[in-house]
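Step one of this worksheet: look at the structure below.
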Amino acid sequence: MRGAPTLLEVYNSLSGRKEEFWPLEDRVVRMYVCGITPYDVGHLGHARVFVFFDTVRRYFEFNAYRVRHVQNITDVDDDMVRVSQRLGLTIAELTERNQQLYLQEMDALNVQRPDLFPKASEHIDGMIALVQALLRSGHAYGVDGYVFFDTATTPRFGALAGHDREGLRHVRNDSMPQEPEELKRDALDFLLWQPSEQAGAAFDSPWGRGRPGWHIECSAMVHAALGDRIDIHGGGSDLRYPHHDSEIVQSECATGAAPYVSLWMHIGTELLEGVKMSKSLGNLVKVSELLVRGHTPDGIRLYLLGTPYREQQDFSPAALSQWEQRAATLARAAAAAGGPPDRLRVQPLRNEFTAAMDDGFDTPRAIAALLRIADGVERQRLAGETAVPALLELAGVLGLRLGREG
RNA sequence: GGCCACGUAGCCAAGUGGUAAGGCAGAGGUCUGCAAAACCUCCAUCGUGGGUUCGAUUCCCACCGUGGCCUCCA
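Dropping the structure here:
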């Protein structure tokens, strides 16, 4: 059973092509977005992901869908342990501190809060249950307090990466992850549970005191919050493999429900002067800094939505400034009187906006339609009484305020 | 090696099967005591080679180049 198809066609990372979007349940969209690991402050790359999925949500809501939006917080993680120890904080304190900073930035950017913000540490039981199910069904095996997923038991592993098992072996791998390779049956197997005694990151389990592996948390939280199968799973493109591929096999093998996710959406990387923005490199542009420098939430949102979401985006001050000018244009038009009554000539531009969004969330094209409405209002070719409300409504779908509160 | 993108003027960048928005920089001009600001004007045949077509920058193929992911990372 599934709901009626929308007019939407969206690129699915799993199939590698555009597909009609069919929600599992009519008029409802179950959407899970991989969120932050709060060991440090975020940057524009994070903001891009969350602004984009906020826009996806707003567009579904604009089309009278109910969106069940869940975004996790990874508070059980090696970096969390390391940073909390260095700062002399508990993991809970570190989480709270960075989560608040994150929320302040997202609030400033007019990102609606997800319905649920589950923390990994609150779903340990669910993870253990999934691991037990995998052990029972023979998809996992335990060794010396470790539990590994047995990738030989499913042909699906590597589907997102675009490889079969043999192909995965040829994937370049310069630096080894911190997994005890010698305990694995196969190098492709991945960790579900590991021994741990670190304060704040150690939990009782059937396999002894320990903590979960790197991928199982999302499966558990999706399961708990949204069910065995969901409509949309999103995140940065750097999570595609191995994180999301691992999630697929874990979840499908544990629950028997497939496909785990109908539509996989991956957001292109944010670059700074041609180099990927990442915490490890330290080449970060932070939202809070941009705001302090006088940039506006609308300008930043327009910038982030001004590149097709699947493409990488290269930040530069000049590019952002250009979007600030456009934000000012839109705000000016929103406050303008416009021309005389015109029999709804704004309608073709409305249609262009929705056609763009229906075409795989083509936000750059949608923005172009908005700018054309603004231009029409300013040149008095569109009637203020119809075009200005249309402008405000459609801009709102992109999360733009246009100088208005709220 | 695989996957995903990109390659448009000095720079950033939009876009379209019928000879290409905009912004920055630059040049000229209006204005001004000078300058600034503002405004006006000027400045590209779209990586290379093929193919499809009456016609391609726009579709297809190949190639070259760039970047990202494939390893904790949004």
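Note that the first sequence covers residues 154 to 559 in my numbering. Backbone N, C-alpha and C fix where the C-beta goes; we use that ideal spot for every residue, glycine too. Remember, predicted model here, so these are calculated numbers, not experimental data.
query	result
Give me, in chain order, the residues of the same chain whose beta-carbon lies closer than 7 Å to that of residue 196; leave out the 5 immediate sequence neighbours on both sides.	430, 437, 438, 439
Measure the C-alpha to C-alpha separation of residue 551 and residue 254 and round it to an integer number of angstroms.	23 Å
Curious, which full-length beta strand (DSSP E) runs of at least 3 residues does the stretch 336-387 contain?	343-348, 363-365
Look at the Cβ atom of residue 385, then the Cβ atom of residue 164, and state whether they are nearer than 9 Å.	no
Hey, quick one: how far does the beta strand (DSSP E) through residue 555 stretch, first residue to last?	Careful: residue 555 lies outside any beta strand (DSSP E) and carries neither H nor E.
Between which two residues does the alpha helix (DSSP H) harbouring residue 237 extend?	231-240
For residue 472, which residues from the same chain have a beta carbon less than 7 Å from its beta carbon, with the 5 sequence-adjacent residues on both sides left out?	456
By DSSP, does residue 141 sit in helix, in strand, or in coil?	Residue 141 is absent from the structure shown; the chain starts at 154 and stops at 559.
Say yes only if the C-beta of residue 430 is nearer than 8 Å to one or more non-hydrogen atoms of the ligand PLP, and no if none qualify.	This structure lacks the ligand PLP, and indeed carries no ligand of any kind.
Exposed or buried, residue 243, counting other C-beta atoms within 10 Å across all chains shown (16 or more means buried)?	exposed
Please state whether DSSP places residue 218 in a helix, a strand or coil.	coil
Whole angstroms is fine: what's the gap from residue 157's alpha carbon to residue 210's?	18 Å
Buried or exposed for residue 171, please, with buried defined as at least 16 other CB atoms from any protein chain shown within 10 angstroms of its CB.	exposed
Classify residue 504 as buried or exposed, calling it buried when 16 or more other Cβ atoms lie within 10 Å of its own Cβ.	exposed
Is the separation between the beta-carbon of residue 482 and that of residue 208 shorter than 9 Å?	no
May I have the straight-line CA-CA distance separating residue 333 from residue 341, to the nearest angstrom?	12 Å
Alpha carbon to alpha carbon, how far is residue 521 from residue 479? Give it in angstroms, no decimals.	10 Å
Just to confirm before moving on: does the CB-CB distance between residue 162 and residue 513 stay below 9 Å?	yes
Just to confirm my understanding: we take residue 194, look at its own chain, exclude 5 residues before and 5 after, and list those with CB closer than 7 Å. What are they?	251, 254, 439
Here's a check: name, in chain order, each residue in its chain whose Cβ is nearer than 6 Å to the Cβ of residue 183, leaving out the five neighbours to either side.	221, 379, 383, 384
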